[in-house]
Amino acid sequence: MCLLLATIVTFSVTHKQMDEVMMSRNPQDAQAIKTLLGLKPLPQEGGFYRETYRSACTIAGAGLPASYEGDRNAGTAIYFLLTPEEHSAWHVLPSDELFHFYLGDPVVMTQLPPGGGVDTQTLGVDLAAGQRPQVLVPGGAWQACRLAAGGALALLGCTVAPGFDFRDFHVATPEEVDRLAERNPTASEEIRRLAPRAHRS
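For reference, each letter of the sequence shown is one residue, going 1 to 201 in the UniProt record's numbering.
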């Protein structure tokens, strides 16, 4: 039996503090969430994160597709915070990634599957409006997301299986962003909008 090991970090968070953050969505609350949850900037992609779980069960590299180099943990999870200034830039992973909506404002998720096409979904709690509290990004799909217009913040969770490893993490180059935009002209404006900050046009 595999034992699952969560990374446990202690923060002095009171119910009252978190309730106050959840009831209000002004930009100052993003800083409060970062402090309360110990979030830090996510390199290259954008947003703020903290890993909260990494399975102690490992999958041998020999049992994984060729796109993986070496062994991987069975699964990982993080907190992920978006703000108006910070979006999740175009990137791709070989693993499936499941996004969970926790609190804040809706998030627009755009995916470009390997087989072509554009898939846009909205993370949120207004189910009648088509929002969903979970969105799956299959391994191999380009993905990027941002706050919906007028949003102040969104706190999400991301679960990855096989587990996240920076060796698997590829952020789009300027040339790749151009190619993605050219292949998907109906979404070219959104694709360029979600380019990595260093080469956004």
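Every residue, glycine too, gets a C-beta built ideally from N, C-alpha and C.
Quick caveat, the model's predicted, so the values are computed rather than measured.
#### Entry: Which of helix, strand or coil DSSP assigns to Asp-96
On the sequence shown, residue 96 is found 96 positions in, with the first residue counted as 1. Reduced to three states, the DSSP call for Asp-96 is strand.
### Message
On the criterion of 16 or more Cβ atoms from any shown chain inside 10 Å, does Phe-166 qualify as buried, or is it exposed?
### Response
For the purposes of this step, residue 166 is taken as the residue at position 166 of the sequence shown. Result: exposed.
### Query
At a cut of 8 Å, does the segment 110-127 reach the segment 53-68 through at least three beta carbon pairs?
no
### Query
Among the residues of its own chain, which have a CB less than 6 Å from the CB of Phe-80, if the five just before and after it don't count?
Residue numbering aside, residue 80 sits at position 80 when the sequence shown is read from its first letter. Cβ neighbours of Phe-80 beyond the five flanking positions: Gly-47, Tyr-49, Leu-156, Cys-158.
### As assigned by DSSP and simplified to three states, the class of Pro-196
Taking the sequence shown and counting its residues from 1, one reaches residue 196 at position 196. In this structure, Pro-196 counts as coil in the three-state DSSP scheme.
### Task
Could you pull out every residue in the same chain whose Cβ sits closer than 7 Å to the Cβ of Pro-41, ignoring the five residues on either side in sequence?
Position 41 of the sequence shown holds residue 41. Cβ neighbours of Pro-41 beyond the five flanking positions: Phe-48.
### Query
With burial defined as no fewer than 16 other Cβ atoms inside 10 Å of the residue's Cβ, what is the status of Gly-104: buried or exposed?
Residue 104 sits at position 104 when you count from the first residue of the sequence shown. Its Cβ being crowded by 16 or more others within 10 Å, Gly-104 is buried.
### Closest residue to Leu-147 among Thr-35, His-91, Val-108 (Cα-Cα distance)
Counted from its first residue, the sequence shown places residue 147 at position 147. Answer by Cα proximity: Val-108.
### Task
Determine the closest residue to Leu-112 out of Leu-39, Arg-183, Thr-173, with distance taken between C-alpha atoms.
Numbered from 1 along the sequence shown, position 112 holds the residue referred to as residue 112. Per the Cα distances, Arg-183.
### Selected residue, minimal CA-CA separation from Thr-110, among Val-137, Glu-86, Phe-169
Working through the sequence shown from its first residue, we reach residue 110 at position 110. Measuring from the Cα of Thr-110, the nearest candidate turns out to be Val-137.
### Query
Nearest-angstrom Cα distance between Asp-168 and Tyr-68?
Here the question's residue 168 lines up with position 168 in the sequence shown. Here the question's residue 68 lines up with position 68 in the sequence shown. Spanning the two alpha carbons is a distance of roughly 7 Å.
### 7 Å CB neighbourhood of Gly-70 in its chain, flanking five on each side removed
On the sequence shown, residue 70 is found 70 positions in, with the first residue counted as 1. Same-chain partners within the cutoff: Gly-61.
### Message
Could you give the first and the last residue of the continuous beta strand (DSSP E) run that contains Asp-119?
### Response
Looking up residue 119 in the sequence shown gives position 119. 119-123 is the span of the beta strand (DSSP E), which, as asked, contains Asp-119.
### Closest residue to Phe-101 among Val-92, Asp-178, Arg-132, Leu-64 (Cα-Cα distance)
Walking along the sequence shown from the start, residue 101 turns up at place 101. Ranking the options by Cα distance to Phe-101, first place goes to Arg-132.
### Query
Where Val-92 and Ala-32 are concerned, what is the direct C-alpha to C-alpha distance, given to the nearest angstrom?
Your numbering for residue 92 matches position 92 in the sequence shown. Your numbering for residue 32 matches position 32 in the sequence shown. Rounded to whole angstroms, Val-92 to Ala-32 spans 30 Å at the Cα level.
### Message
Classify Ala-187: buried if its beta carbon has 16 or more other beta carbons within 10 angstroms, exposed otherwise.
### Response
On the sequence shown, residue 187 is found 187 positions in, with the first residue counted as 1. Label assigned to Ala-187: buried.
### Task
Starting from the C-beta of Leu-64, find all residues in its chain whose C-beta is less than 7 Å away, skip the five residues before and the five after it, and write them out in chain order.
Start at 1 with the first residue of the sequence shown, and residue 64 comes out as number 64. Hits under 7 Å: Arg-72, Pro-162.
### Task
Would you decide whether Thr-83 is buried or exposed? Buried here means 16 or more other CB atoms lie within 10 Å of its CB.
Taking the first residue of the sequence shown as 1, we reach residue 83 at position 83. Label assigned to Thr-83: buried.
### Task
Let me know if Ala-30 comes out buried or exposed under the rule of 16 or more other beta-carbons within 10 Å of its beta-carbon.
Here the question's residue 30 lines up with position 30 in the sequence shown. Ala-30 should be labelled buried.
### Message
In whole angstroms, give me the CA-to-CA distance for Ile-191 and Leu-180.
### Response
In the sequence shown, counting from the first residue as 1, residue 191 sits at position 191. In the sequence shown, counting from the first residue as 1, residue 180 sits at position 180. Cα to Cα, the separation comes out at about 7 Å.
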